[in-house]
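Those sequence lines, one after another, are chains A, B and C. If you count by the working numbering, then the first sequence holds residues 27 to 424, one letter each, in order. If you count by the working numbering, then the second sequence holds residues 20 to 969, one letter each, in order. If you count by the working numbering, then the third sequence holds residues 15 to 96, one letter each, in order.
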Amino acid sequence: MRSSYDVVIIGGGLHGLATAYYLAENHGITNVAVVDKGYIGGGGSGRNTAIVRSNYLTPEGVAFYDRSLDLYNTMSTDLNLNVMFSKRGHLTLAHTDSALRTMHWRAEVNKLQGIDSSVIDAQEVKKQAPSLDISQDTRYPILGALHHPPGGIVRHDAVVWGYARGADVHDIHILQETEVLDIVVEGGSGPGGKGAGGKVTGVKTSRGDISAPIVVNCTAGWASLISNMAGVPLPITTHPLQAAVTEPCKVFLPTVVVSGSLHVYVSQTDRGELVFGASVDPVGTYRVNGTLEFTEELAGHVLELMPGISKMRLLRQWSGLCDMTPDYSPVMGNTPVEGYLVDVGWGTYGFKAGPVAGETMAETIATGRNADLIASFGIERFTEGDLVGEKGAAAVGH
Amino acid sequence: MTNRLPAQPGEVIDRSTSLSFTWNGKQMTGYEGDTIASAIAANGVDVFGRSMKYHRRRGILTADHWDPNLFLQVGDEPNVRAGSRKLQAGMVVSTQNVWPSLKFDLAASNQLVGRFLSSGFYYKTFMRPQFLWPLYQKILRKFAPGGEIHWETSTHGAYDKRYVHPDVLVAGGGPAGMGAALAAADAGASVLLVEHYTELGGHLRWGDDAQRAKAAELAAACEAHANIEVLVDSTVTGRYDHNWIAVNQRSHATAPERLVKARAGVMVVAAGLIERPYVFAGNDTPGVILAGAARRLINLFSVKPGTKAVVMTANEEGDGAVADLERAGVEIVAVLDARKGESIVAVEGRGRVSKVQVNDGRMLSADTVVTATGWTAPTSLLNMGGDRPVYDPVAARYFSNSLPSNILATGGIAGDGSTAELEAHGRATGELAANRSLRRRHDRVSQTARSGAPTWAKPEEVADSRTPLARNPHPECYRSTTHGMVDFSEDVSSKDLVQASKEGFDSIELMKRYTTVTMGPSQGKLETVNAASVLAEANGVEMADIGTTVWRPPYSPISLGALAGRILEPVRRSALQDWHEAHGSTPLLAGQWVRPDQYGDAMAEAANVRANVGLIDVTPLGKLDLRGADVPKLLELVYVNKWQKLDVGRVRYGAMVAEDGVVSDDGVTGRLGEDHWLMTTTSSGAGAIWEMLEDWLQTAHPEWDVHVTAVTGGLTSINVAGPNSRTLLERLTEGVDLSADAFPYFSVRTGKVAGVSDCIIWRIGFTGELSYEVHVPSGHALHVWETLLETGVDLGCAPFGVEAQRILRLEKGHYIVGQDTDGLSKAPTAGLGGLVKLDKPDTLGLPELKHAYGRDDLPILVGIQTVDGSIVPEEAAQIVDGDQNTILGRITSSRMSPTLGRSICLGQVDPSLSAAGTEITVLMADGRRIKALVQEHHAHFDHEGARQRV
Amino acid sequence: MIIVPCPNCGPRNSGDLRPAGEVISRPDPATCSLSEWREYLYMRPNPAGWVTETWYCRGGCRRYFTIERNTATNEIRGQEAS
């Protein structure tokens with residue numbers, strides 16, 4: 027650990043490490059420290075359900091996530107580590123005609139941007155995922171689905187390790203078990219010289235002070251608390267997002283299946299385990315010990331889709347923290363405090379965006395101005411009232 | 020039954036009841052009381068399956084629930100724990116990880132490339148050339164471990180759930196757990212005692228005569244105690260916040276499993292100890308078993324585990340095993356006392372152990388190796404309560420660190436002792452648990468106003484004065500001088516862990532993720548401590564510095580069926596839905612409701628409304644009965660328009676926006692009397708609007724005199740629409756003058772329809788025709804509906820469904836919130852300009868409304884007609900910039916109009932395209948770009964509303 | 015499933031109620047500035063610690079009331095009918 031760096035990145039998860047990697051790789055900025063209060067990938071990066079896709083609803087969302095998918099496509103060779111991207115296709119089921127209408131909307135927006143995305147009917151859904159029950163007399167009949175062939179799953183831990191190794195090769199310092207206690211800001215309009223109009227000079231950590239002209243908040247779960255240190259309030263509430271995995275069974279589910287109405291998404295690993303996720307818990311909390319209700323609702327809904335797996339057993343449940351924003355889109359780029367940047371508010375979609383978030387944050391840091399791809403995700407939209415329109419599609423958008 | 024011993028004193032098998040079953044197609048028999056594994060072992064089988072990665076032969080290891088080698092397919096059930104599941108007649112049992120057969124396993128060639136399959140192998144290979152990875156992956160997926168799903172035999176919905184509220188829940192029915200249950204029950208607490216296995220007794224069950232006698236005595240006392248309910252073959256799978264505890268009951272009489280959800284005052288964890296394997300070369304060879312396994316096989320099931328055994332013992336369990344083996348006629352080749360530094364170095368043998376290498380250099384011939392090298396404390400439930408257990412190097416296991424007051428630990432998890440000492444500690448723990456939980460119960464009852472004050476005194480708080488159990492010294496024996504298997508279900512060896520540490524995955528959490536150690540079906544019960552010890556050694560630090568991974572729920576896996584329980588998501592049905600279904604309606608699931616989509620021909624139904632008269636059931640419309648002098652204030656607050664001056668007998672359309680200015684709901688609200696109003700909302704918004712009104716009334720304006728009652732289901736709503744509607748209603752209505760002058764458009768009257776009093780009739784026009792919406796008390800709805808139809812035969816009266824209504828409303832250009840508007844649509848987009856009143860002191864989203872009306876960049880909802888009227892653009896078709904791909908809007912609603920004989924649309928467009936007559940380009944789903952024209956009005960038909968005002 | 019103490023119905027499973035979020039004071043819509051309004055709309059203190067929040071007794075008495083809950087531990091203290 028040095029006493030000063032050009033850039034200090036708070037958060038050694040996928041976003042922080044990718045930002046560090048692209049700072050070095052694309053911009054030659056290597057005097058960089060990534061600090062984490064625990065171990066790398068210990069937060070959302072290691073707790074998500076590893077789904078990637080780019081079939082978003084808004085043009086700005088589609089462009090952004092499609093770039094991320096591009097980066098995932100070549101990641102194994104770029105990082106010299108097999109991240110096991112399994113491009114197995116992604117089905118978002120529609121159980122009502124209004125859901126089907128939203129699927130059509132997404133498909134049309136996607137197609138206009140060159141994304142492989144289309145609406146298929148129930149029979150075609152059955153071909154893609156034969157274990158699904160498509161009978162029409164159920165509580166949630168499957169009327170069709172948005173089919174997105176380029177979507178899939180990636181080995182999430184490997185992505186973290188790949189970026190960490192890539193950053194390490196450029197001699198970027200990854201400081202684990204180093205907790206940021208404060209962000210030092212001078213000249214701001216708020217208490218202690220923090221807040222709008224101020225300028226960052228460094229951070230105080232559990233292992234000593236570091237001076238740095240640029241500090242980047244790449245945390246999830248604690249983004250509000252970190253941002254308060256700089257005097258920059260965020261439009262975020264923190265909720266747990268839970269996930270679970272079953273014991274392995276012989277492989278039967280070839281694609282990723284998502285149902286918004288049933289608040290569930292599911293895929294089967296190469297080892298035969300089913301990995302499930304749901305929507306965020308309604309009660310905001312920083313607790314990550316999970317709930318029983320999550321497993322009950324999850325099982326009930328999964329069995330609505332696949333009654334045949336009633337005897338499969340849930341092996342493990344876990345949860346992570348999600349920073350939810352009012353419009354289900356992140357908050358990225360420069361802030362009213364000079365030198366303090368944010369890459370936060372990732373809700374339930376941070377994993378998909380990791381590579382492009384790193385790339386665009388690195389560009390923003392290097393050039394001083396928000397990268398084009400993140401132009402709609404700036405913090406100023408919450409004072410100007412121009413929110414992003416992903417809310418409808420992303421409520422359970424895995 | 021080649022390995023079955025003569026009757027043993029403590030055996031649990033019933034030799035008078037033989038059970039036949041098949042094992043990999045071969046007919047076998049066992050006895051009532053056998054586990055599946057003990058029956059198969061009694062038949063002389065050594066190899067039960069193949070390991071996951073290397074496909075090594077595997078035999079019995081622990082002979083209990085946690086045995087990683089005894090996951091078998093039983094009939095249609097995958098991954099059955101054959102070490103604990105009781106044998107039943109007719110079971111079809113087979114191995115899981117073999118292809119094509121147990122003896123000739125093709126995948127066993129993985130053993131040859133073992134060094135490539137070591138930890139992190141996948142991450143380092145297969146990425147070049149990139150295009151080959153999907154192919155490799157396909158092959159990998161073929162070798163996935165685990166059983167098979169039988170798709171035709173779902174048990175979904177057959178499971179049950181139950182809620183219980185015990186003062187004390189005891190997890191574990193050994194001597195300490197039973198002692199705790201008895202003491203707590205004696206102190207007046209209600210107790211739920213949960214035992215994982217099929218009998219109470221814990222480790223006493225396979226102990227000596229005195230231990231078994233004690234177990235029987237305690238078990239009988241528990242069963243007989245009025246305050247104790249015993250659940251056997253049941254597992255406490257999770258402890259969640261506020262002592263919300265999940266129990267998976269497998270012993271239910273009718274349900275395959277039952278999820279018991281307990282809100283316990285205090286949870287007593289008496290989970291005992293789980294024996295740990297020893298790590299050495301060949302430690303996964305069939306014939307290598309744990310001391311507990313040997314004792315269970317002999318004493319409970321009378322199965323001889325081998326013929327010539329080497330025993331390595333570090334504790335009493337191992338010493339006991341030696342005695343048991345001798346009694347069972349097993350030749351003891353050598354006893355290696357780990358307390359004196361003696362240990363096993365390696366074993367040889369493929370299908371079964373043949374040679375054993377000892378650390379003094381001897382090479383012994385034996386077919387069985389028994390190890391007793393220590394314990395893992397299953398601290399999972401304590402963990403879930405926030406405890407982070409700490410390693411004690413003297414006792415060579417983990418102990419609880421700090422527990423919240425509503426969790427107590429006793430038994431082996433808390434320390435060592437004789438049976439009497441364990442029971443005594445359990446009893447002391449039970450007393451403490453009763454004291455704490457009864458105090459909690461007293462608080463709970465006192466806090467619940469409606470339950471009245473408790474009739475009993477709150478017990479005085481008792482301090483925790485339990486004499487702690489001893490922590491007996493135990494040698495730290497984890498690994499020999501060789502490398503062996505650490506995680507049997509994941510096929511992770513100590514060598515893999517050392518390598519991972521060298522590669523930098525040197526914290527327990529990173530190592531776990533990199534190697535998958537402890538991530539298999541036993542979730543670390545056997546592996547955690549050994550993994551930590553290997554890591555400590557590799558890192559050159561003490562065990563205590565390693566920490567442990569977090570044990571997450573469930574404690575043992577639970578079926579999805581049990582978690583799901585029965586399906587309890589009812590669909591709401593109007594009082595007329597049976598009639599609709601009996602008359603050929605196509606059901607339409609719309610949110611919580613099922614509705615008639617159409618009765619055969621939606622276009623004809625719509626045409627009939629324009630020509631004659633139709634009836635539609637619109638019950639799902641949210642309906643709120645509002646009473647009180649201040650209702651107008653509430654309406655002014657939640658609607659964008661004004662309400663103070665609405666006269667009695669009039670109705671008005673209202674639109675709502677949320678605080679962020681986005682259109683949130685709409686509906687018609689009428690003033691039935693001076694202080695009596697009926698508000699309607701969208702079907703999907705009904706619940707939320709009700710709760711929102713209560714929120715404003717209770718938290719912001721408690722001074723307002725308003726009472727809200729939800730009457731959505733209480734009133735069945737029938738819309739009578741069409742030019743003949745007045746004639747029809749006049750035949751059946753009493754006390755209401757329906758003439759145009761007496762009952763004008765947008766009015767409300769209350770009267771008798773078809774003999775039914777208190778019907779609310781309002782005259783509105785969603786379909787664009789003369790129409791009346793009749794809100795009938797639901798008990799009489801069917802009568803009114805049928806009478807209307809019968810009476811209207813000559814008037815052409817026929818029912819119409821949701822689809823016809825959608826056509827009719829689109830012809831009239833009425834937008835639907837959530838379809839024609841979206842999550843960003845503000846009032847100007849929906850064309851609410853004439854309605855919105857900004858000069859109110861308070862209305863939801865007022866600053867945003869003001870701001871929105873100062874903007875010129877918001878999309879505008881417009882009527883759209885394609886140039887070629889035969890083309891119906893899809894709903895959600897995008898409006899683009901000519902040949903470009905820039906999105907300038909989208910079609911939000913579209914239909915073929917039976918009235919106009921052409922397609923009609925509503926759509927949101929960029930303001931630059933919103934002027935009437937603007938030509939726009941619509942991109943069809945099939946890629947065609949078609950031309951369409953923006954219309955002057957939303958309405959495509961009778962935009963002046965002449966038809967509805969007659 | 016935590017226990018939430020309803021002032022009328024006593025301690026209840028949280029699933030019987032609806033969390034209505036942290037108590038945020040609403041500026042006067044007639045006089046406040048747009049930026050004050052948007053701060054009310056979007057910005058949240060979101061502390062890891064004690065918050066005062068509103069719950070709605072949806073499955074019971076239908077009262078809105080406030081409690082103090084620690085978002086780091088889910089510990090609950092105090093209750094007040096609003």
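For glycine and all other residues, C-beta sits at the position ideal for the given N, C-alpha and C. Owing to the predicted nature of the structure, the values given are computational and were not obtained by experimental measurement.
(Q) Give me the subset of the segment 868-897 of chain B whose CB atoms are less than 7 angstroms from a CB atom of chain A, sorted by chain position. (A) His870, Glu893, Glu894, Ala895, Ala896, Gln897
(Q) Quick check: the Cα distance between Ile79 (chain B) and Glu335 (chain B), rounded to an integer number of angstroms? (A) Within the second sequence, residue 79 (chain B) is the residue found at index 60, counting from 1. Within the second sequence, residue 335 (chain B) is the residue found at index 316, counting from 1. If you take the alpha carbons of Ile79 (chain B) and Glu335 (chain B), they lie about 21 angstroms apart.
Q: Name, please, each residue of chain C whose Cβ falls closer than 9 angstroms to the Cβ of Gln617 (chain B).
A: Walking along the second sequence from the start, residue 617 (chain B) turns up at place 598. Neighbours of Gln617 (chain B) on chain C: none; closest Cβ ~35 angstroms, over 9 angstroms.
Q.
Strictly below 9 angstroms CB to CB, what residues from chain C border Pro266 (chain A)?
A. Taking the first sequence and counting its residues from 1, one reaches residue 266 (chain A) at position 240. Residues of chain C passing the Cβ test: none, with the nearest at roughly 11 angstroms.
Q) Does Thr85 (chain C) have its Cβ less than 8 angstroms from a Cβ in chain A? A) By 1-based counting over the third sequence, the position of residue 85 (chain C) is 71. Answer yes: the Cβ-Cβ gap between Thr85 (chain C) and chain A drops below 8 angstroms somewhere.
(Q) Restricting to runs no shorter than 3 residues, where is the beta strand (DSSP E) found entirely within the segment 629-671 of chain B? (A) 632-636, 641-646
(Q) Against chain C, which members of the segment 569-580 of chain B pass a CB distance test of less than 9 angstroms? (A) none
Q) What does DSSP give as the partner residues of Pro818 (chain B) in its beta bridges? A) As a first step, residue 818 (chain B) is located in the second sequence; it is residue number 799 there, counting from the start. Per DSSP, B:Leu634.
Q: Output the distance between the C-alpha atoms of Gly647 (chain B) and His726 (chain B), rounded to the nearest integer angstrom.
A: Sequence index remark: in the second sequence, residue 647 (chain B) carries index 628 (1-based). Sequence index remark: in the second sequence, residue 726 (chain B) carries index 707 (1-based). In a straight line, the C-alpha of Gly647 (chain B) is about 6 angstroms away from that of His726 (chain B).
Q. Within 10 angstroms of its Cβ, does Val999 (chain B) collect 16 or more other Cβ (buried), or is it exposed?
A. Only positions 20 to 969 of chain B appear in the structure, and residue 999 (chain B) is not among them; the question remains open.
Q | Residue burial classification, Pro589 (chain B) (beta-carbon count within 10 angstroms, cutoff 16) | A | By 1-based counting over the second sequence, the position of residue 589 (chain B) is 570. The residue is exposed, with fewer than 16 neighbouring Cβ atoms inside 10 Å.
**Q.** Whole beta strand (DSSP E) elements within the segment 723-809 of chain B, 3-residue minimum
**A.** 726-729, 734-740, 767-772, 775-782, 790-796
Q: Residues of the segment 55-81 of chain C with a CB closer than 9 angstroms to any CB of chain B: list them in chain order, please.
A: Leu55, Tyr56, Thr68, Tyr70, Arg72, Arg76, Arg77, Tyr78, Phe79, Thr80
Q: Answer yes or no: does any C-beta atom of chain B fall closer than 8 angstroms to that of His424 (chain A)?
A: Here residue 424 (chain A) refers to the residue found at position 398 when the first sequence is read from its first residue. Interpretation of His424 (chain A) is limited by its pLDDT of 44, a score under 50 that renders its predicted location unreliable; no figure is taken from the coordinates.
Q) Under the rule that 16 or more other beta-carbon atoms within 10 Å means buried, what is Gln542 (chain B), buried or exposed? A) Here residue 542 (chain B) refers to the residue found at position 523 of the second sequence. With 16 or more other Cβ atoms within 10 Å, it is buried.
Q. If Gln268 (chain A) and Ser345 (chain A) are in contact, beta carbons under 8 angstroms, what's the gap, nearest whole angstrom?
A. The sequence position of residue 268 (chain A) within the first sequence is 242, counting from 1. The sequence position of residue 345 (chain A) within the first sequence is 319, counting from 1. Right, their Cβ atoms sit about 4 angstroms apart.
Q: Could you tell me whether any Cβ in chain B is nearer than 8 angstroms to the Cβ of Leu31 (chain C)?
A: Counted from its first residue, the third sequence places residue 31 (chain C) at position 17. With 8 angstroms as the cut-off, Leu31 (chain C) does not count as an interface residue toward chain B.
Q: Within the same chain, show all residues whose beta-carbon is closer than 6 angstroms to that of Ser144 (chain A), passing over the 5 residues directly before and after it, in chain order.
A: Residue numbering aside, residue 144 (chain A) sits at position 118 when the first sequence is read from its first letter. The residues are Ala133, His173.
**Q.** Alpha-carbon spacing of Pro33 (chain C) relative to Asn57 (chain A), whole angstroms
**A.** Indexing the third sequence from 1 puts residue 33 (chain C) at position 19. Indexing the first sequence from 1 puts residue 57 (chain A) at position 31. Cα to Cα, the separation comes out at about 46 angstroms.
Q. Looking at C-alpha atoms only, which residue of B:Val285, B:Ala289, B:Lys280, B:Val251 is the closest neighbour of His271 (chain B)?
A. Working through the second sequence from its first residue, we reach residue 271 (chain B) at position 252. If we check each option's Cα against that of His271 (chain B), B:Val251 comes out closest.
Q.
Does chain B have any CB closer than 8 angstroms to the CB of Gln149 (chain A)?
A. For the purposes of this step, residue 149 (chain A) is taken as residue 123 along the first sequence, with counting starting at 1. With 8 angstroms as the cut-off, Gln149 (chain A) does not count as an interface residue toward chain B.
Q. Are any of the Cβ atoms in chain C nearer than 8 angstroms to that of Glu319 (chain A)?
A. As a first step, residue 319 (chain A) must be located in the first sequence, where it is residue number 293. By this cut-off, Glu319 (chain A) is an interface position.
Q | Arg93 (chain A) - DSSP class collapsed to helix/strand/coil | A | The count along the first sequence starts at 1 and reaches residue 93 (chain A) at position 67. Here Arg93 (chain A) sits in helix by DSSP.
Q: Please classify Val241 (chain B): does DSSP put it in a helix, a strand, or coil?
A: Within the second sequence, numbered from 1, the residue matching residue 241 (chain B) stands at position 222. Here residue 241 (chain B) is Cys; the residue named in the question, Val, does not match the sequence. DSSP places Cys241 (chain B) in helix when its eight states are reduced to three.
**Q.** Any chain B beta carbon closer than 8 angstroms to Gly24 (chain C)
**A.** What you label residue 24 (chain C) is simply residue 10 of the third sequence in a count that begins at 1. Closer than 8 angstroms to some Cβ of chain B, the Cβ of Gly24 (chain C) qualifies, so yes.
Q: Tell me where the alpha helix (DSSP H) around Asp123 (chain A) begins and ends.
A: Translated into the one-based positions of the first sequence, residue 123 (chain A) becomes position 97. Segment 123-138, the alpha helix (DSSP H) holding Asp123 (chain A).
Q | Residues of its chain near Gln268 (chain B), where Cβ-Cβ distance is below 6 angstroms and the 5 sequence neighbours each way are ignored | A | The residue labelled residue 268 (chain B) in the question sits at position 249 within the second sequence. Leu250, Ser253, Arg277, Val279, listed in sequence order.
Q: Could you tell me if Trp696 (chain B) is buried or exposed, where buried requires 16 or more neighbouring beta carbons within 10 angstroms of its beta carbon?
A: Numbered from its first residue, the second sequence carries residue 696 (chain B) at position 677. Label assigned to Trp696 (chain B): buried.
Q) Considering only the beta carbon of each residue, do Asp32 (chain A) and Ile168 (chain A) sit closer than 8 angstroms? A) Along the first sequence, read from residue 1 onward, the residue named residue 32 (chain A) stands at position 6. Along the first sequence, read from residue 1 onward, the residue named residue 168 (chain A) stands at position 142. Cβ distance not < 8 angstroms, so Asp32 (chain A) and Ile168 (chain A) don't count as in contact.
**Q.** Backbone secondary structure at Ile179 (chain A) - three-state DSSP
**A.** Against the first sequence, residue 179 (chain A) aligns to sequence position 153. DSSP places Ile179 (chain A) in strand when its eight states are reduced to three.
**Q.** For Glu276 (chain B), the three-state DSSP class (helix, strand or coil)
**A.** Working through the second sequence from its first residue, we reach residue 276 (chain B) at position 257. Three-state DSSP puts Glu276 (chain B) in coil, outside helix and strand.
Q) Hey, does Gly234 (chain A) have any beta-carbon neighbour from chain B nearer than 8 angstroms? A) Mapped onto the first sequence, residue 234 (chain A) falls at position 208. So, not an interface residue.
Q | Opening and closing residue of the alpha helix (DSSP H) in which Trp709 (chain B) lies | A | In the second sequence, residue 709 (chain B) corresponds to position 690, counting from 1. First-last of the alpha helix (DSSP H) with Trp709 (chain B): 705-714.
Q. Of all the CB atoms in chain B, is at least one closer than 8 angstroms to the CB of Ile38 (chain C)?
A. By 1-based counting over the third sequence, the position of residue 38 (chain C) is 24. It does not: the Cβ of Ile38 (chain C) has no partner Cβ on chain B nearer than 8 angstroms.
Q: Check Gly35 (chain C) in the structure and name its three-state DSSP category.
A: Mapped onto the third sequence, residue 35 (chain C) falls at position 21. If DSSP states are grouped into helix, strand and coil, Gly35 (chain C) belongs with the strands.
Q) Listed in chain order, which residues of the segment 320-332 of chain A have Cβ atoms closer than 7 angstroms to some Cβ of chain B? A) Thr321, Glu322, Ala325, Gly326, Val328, Leu329
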